[in-house]
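Shown next, in structure tokens, is the structure this report addresses.
There are 2 protein chains.
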Amino acid sequence: MLKKIVPFIAFIFCCLASIAQSEDSITIKKISDEVLTNGKAYENLRFLCKKIGQRISGSPSAQKAVEATFEMLKDAGADTVYLQQCKVPHWVRGIKETGFIQFAGQKYPLHLCSLGNSLGTGLKGINAPVIEVSSFKQLDQLGAAIIKGKIVFFNFVMNPTYVQTFRAYSESGISRWQGASKAASYGAIGVMVRSLASNTDNYPHTGAMKYNDSFPKIPAVAISTNDAEWLSRKLKLRMQLTASFTNTSFVLPDTTSYNVVGEIRGSEFPKEIITVGGHLDSWDLAEGANDDGTGVMQSIEVLRALKATGIKPKRTVRAVMFMDEENGGRGGDKYLELAEKNKETHLFALESDAGGFTPRGFSLEMSEAQISKITQWKDLFLNYGVYDFTGRSSGSDVGPLRKIGTACAELVPDSQRYFDIHHAATDVFENVNKRELHLGAVNMAILIYLIDKYGL
Amino acid sequence: MLKKIVPFIAFIFCCLASIAQSEDSITIKKISDEVLTNGKAYENLRFLCKKIGQRISGSPSAQKAVEATFEMLKDAGADTVYLQQCKVPHWVRGIKETGFIQFAGQKYPLHLCSLGNSLGTGLKGINAPVIEVSSFKQLDQLGAAIIKGKIVFFNFVMNPTYVQTFRAYSESGISRWQGASKAASYGAIGVMVRSLASNTDNYPHTGAMKYNDSFPKIPAVAISTNDAEWLSRKLKLRMQLTASFTNTSFVLPDTTSYNVVGEIRGSEFPKEIITVGGHLDSWDLAEGANDDGTGVMQSIEVLRALKATGIKPKRTVRAVMFMDEENGGRGGDKYLELAEKNKETHLFALESDAGGFTPRGFSLEMSEAQISKITQWKDLFLNYGVYDFTGRSSGSDVGPLRKIGTACAELVPDSQRYFDIHHAATDVFENVNKRELHLGAVNMAILIYLIDKYGL
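Quick note, the sequences are listed as chains A and B, same order.
Under this note's numbering, think of the first position of the first sequence as 64, with each following residue one higher.
Under this note's numbering, think of the first position of the second sequence as 64, with each following residue one higher.
Dropping the structure here:
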């Protein structure tokens, strides 16, 4: 008898599962239609970019962005909107940087900008022979004998053969992050870092650097990829070149800022929290459209889409605009701190911080069992362009929640265009496509919907 | 004994298959690295767009494009480069179109352009009350009583809920293609068609229309999506509006043009031909960057990549720049005609004509057995972003080869941005991303490599 019952039960189970999937397909289509037809992320992003613009941590415009997204969350239909106060660093670029290369009595101006957190040269600037290195190993080999008193030019090219551009960014990114202190350890007086960009143009790309307190804190600037190519060609001719630059960046005392949080309270398990977020701060050279205005607006859109389609989440869904991702991650740290203090249960947290490009997948940082559960839903995403669940990391704002066991994930959009504009003056609203942005929000909402419905 | 032999043979077979796959992975990586590092498609496209620009069938610039790509194919390493002469239509836009809406004594100018193949109004233009329809059914219902003597405004909105934008294009596209004759059948004197675009802006999008010889040939223009939205709002207020427009487009006698063909002769089966192509002509409002400069340059790049990586194809691989896809498809027809005349064996033909955006898949128009064979290689494409083999159509230039049983396919790039710029003044080089373009060429080369190696 058992022999007959087991297949029968299996059959019933399959039928139920398939009915559930088909119900889910219908709800998911409803979400998608709503976002693709009435989505507000694009127009909200236009406001953030064009009416507020750059919003570096600690700046008055970051405060304006807090206020604007507070209103947007209310308009999206959040039950509650509130702020989480946190202290953030306050780095200031100062006056427009200048720099040039000098040889044979001529000056050749460079397109450059201070790296974030770099200290300044003072108004007189610095001037020294320039040495190119393309790896830290090469720097170590040259040592103090060659490096002392020089300006080091880190020419770490982003590897074009990596199909996923983030891999190349991570690899070359150490030049920006650690280069200054590495060079200072051998007595360099300043560094010029090749911009971390996939393309070649005249725009320098800023981004965070960090000093190692064991060494002198020397000034650090990024030069454009065109300038880096040109400079490298000149140096290969064994020309004796002198570099000069002036930057007046400095650090003010930490200041007060906020995460902005909007919630739809769960109807069955209000104490179980699902977070979806992006970061509200940006670098100061442009509008921070793709980094990360898009992630912020997609997160608000997830809330709006749930509300507009009449989905009442069982769990509490929170859209969080994290402050200070670029410059220290204080918002993400504060979010964890409050979660621990308030003894909150955080089931799942999703971040979008890789640009507003067409979505391709989700990167999942969680247990194997949780990964299996999500990948079982794979087919439900296929019609919406998401197929790739192979990544195993999550974002830096939700990442701290790993400490309390939260399953974390990140949207994986197409990465080909991101590093053309990342942290440069070209990261503007015009480089975001409405349909691509909204399709990201569609897939984020689908994942949130499924996890809310079935748990994790 | 057999019981033991069968699994053993199966085991050996699996080992061999896995060795072959791993050898293929290595070659494929070589192709990808070559294209992503040294690819010429992007710079070739810059030349086509910026030095030649628009190249509508029959125009002097189309001839320049023939000459330029002839040279590019030689530079790419083709053994033989030659032309295939064909007659092409020669439609001319005439002087810049003008048009406006008149009500309450005021004139409101429109952003508009002639549709391709439309006849002109003459310099005096036409002027009549305007009637909006959003479906052919609605047009039929209004009938001659209402339509006679009017200008019909076809407001067929591209459906935003379709994730694949081509689906929305096909659905709404009938307004452009058939609208004029449908309206003329009820006595309309002209038509204004809402531009087939996913976004809303001020650029009109041109494209082919076709007259039905049974009805008067009335002039047809496209208006921008912003104008269409505005006009529709006004008409909904039941305002009595008059539309006027002037276009002076006309048709000259057919003229001589060419497909451009470059070949690498097969080392084992030179008589079996594998074609890869795009179309060289474009509409006349812009540079035809994504339509279809990208497909042309990717096809040349496939040849270049095979040559540069030292792959010697067994079969003859041909890159074909088809002429006149936009305006009649004469180049594609000629290609079939010559294939039949010369009794050529065409194993496979691949087209790229959906923009130079990140590739997502291939659409396969061939036998089920052939589809199975290709989808067995699916995993080899995954690292290069291609996962979707569900489409079952191919392009309009290789399509004619179906008549002689050729397996046909088309590259499927991401479709979200295409109809923002398609056939409009915004289809320029700046809207093509180098990495996306080259990644398309990588996947095209992989497919050609596998089919050449294993047959189909």
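Here a beta-carbon is modelled for each residue, glycine too, at the ideal position from N, C-alpha and C.
A quick note: this is a predicted structure, and the numbers were derived from the prediction, not measured.
Nearest to residue 430 of chain B by C-alpha distance, out of B:288, B:449, B:365, B:455, is B:455. One thing to note: residue 286 of chain B has its Cβ no nearer than 8 Å to the Cβ of residue 253 of chain B. Secondary structure of residue 203 of chain B (DSSP, three-state): helix. When secondary structure is reduced to three states using DSSP, residue 154 of chain B falls in the strand class.
In the structure shown, residue 463 of chain A adopts helical secondary structure according to DSSP, grouped into three states.
By the Cβ test, the segment 361 to 373 of chain B is not in contact with the segment 288 to 297 of chain B, since fewer than three Cβ pairs between them sit closer than 8 Å. In this structure the segment 331 to 349 of chain B does not touch the segment 91 to 103 of chain B; the number of beta carbon pairs closer than 8 Å is below three.
Collapsing the DSSP output to three states places residue 171 of chain A in a strand.
Inter-residue distance for residue 281 of chain A and residue 194 of chain A is about 15 Å (C-alpha atoms, whole angstroms). Here residue 366 of chain A really is in contact with residue 325 of chain A; their C-beta atoms are around 6 Å apart, less than 8 Å. Contact between the segment 173 to 184 of chain A and the segment 223 to 230 of chain A is not established, with fewer than three Cβ pairs separated by less than 8 Å. CA-CA distance, residue 292 of chain A to residue 302 of chain A, rounds to 15 Å.
For residue 317 of chain B, the three-state secondary structure derived from DSSP is strand. The shortest C-alpha to C-alpha distance from residue 488 of chain B to any of B:402, B:439, B:176 is the one to B:176.
The contact set of residue 475 of chain B on chain A, defined by CB atoms closer than 7 Å, is empty, because the minimum CB distance reaches about 11 Å. For the pair residue 460 of chain A and residue 411 of chain A, the CB atoms are not nearer than the 8 Å cut-off. In the DSSP assignment, residue 193 of chain A falls outside any alpha helix (DSSP H) and lies within the beta strand (DSSP E) extending over 189 to 196. The three-state reading of DSSP puts residue 211 of chain B in coil, since its state is none of H, G, I, E or B.
Short of 6 Å from the beta carbon of residue 260 of chain A, and not among the five residues preceding or following it, lie these beta carbons of its own chain, in chain order: 268, 288, 482. Contacts with chain B at 8 Å (Cβ-Cβ) do not include residue 422 of chain A. Under the three-state reduction of DSSP output, residue 400 of chain A falls in the helix class. In the DSSP assignment, the residues bridged to residue 164 of chain A are A:171, A:306.
Interface with chain A (8 Å Cβ-Cβ cutoff): residue 165 of chain B is excluded.
Residue state for residue 451 of chain B is assigned as strand, using DSSP reduced to three classes. In the structure shown, the three-state DSSP call for residue 383 of chain A is strand. Taken through DSSP and simplified to helix, strand or coil, residue 322 of chain B comes out as strand.
Cβ-Cβ distances below 6 Å link residue 486 of chain A to 268, 269, 270, 346 in the same chain, with the five nearest sequence neighbours on each side left out; the list follows chain order.
Per DSSP, the unbroken alpha helix (DSSP H) holding residue 435 of chain B starts and ends at 431 to 438. An exposed status is given to residue 445 of chain B, since fewer than 16 other beta-carbon atoms sit within 10 Å of its beta-carbon. When secondary structure is reduced to three states using DSSP, residue 254 of chain B falls in the strand class.
The three-state secondary structure of residue 340 of chain B, taken from DSSP, is strand.
Between residue 479 of chain B and chain A, the shortest Cβ-Cβ separation is below 8 Å.
Residue 310 of chain A counts as buried, since no fewer than 16 other beta carbons sit within 10 angstroms of its beta carbon. Partner residues in the beta bridge of residue 179 of chain B, as assigned by DSSP, are B:271.
Closest option to residue 479 of chain B, judged by alpha-carbon separation, among B:518, B:458, B:423, B:378: B:423. For residue 119 of chain B, the closest alpha carbon among the candidates B:153, B:86, B:89, B:92 is that of B:153.
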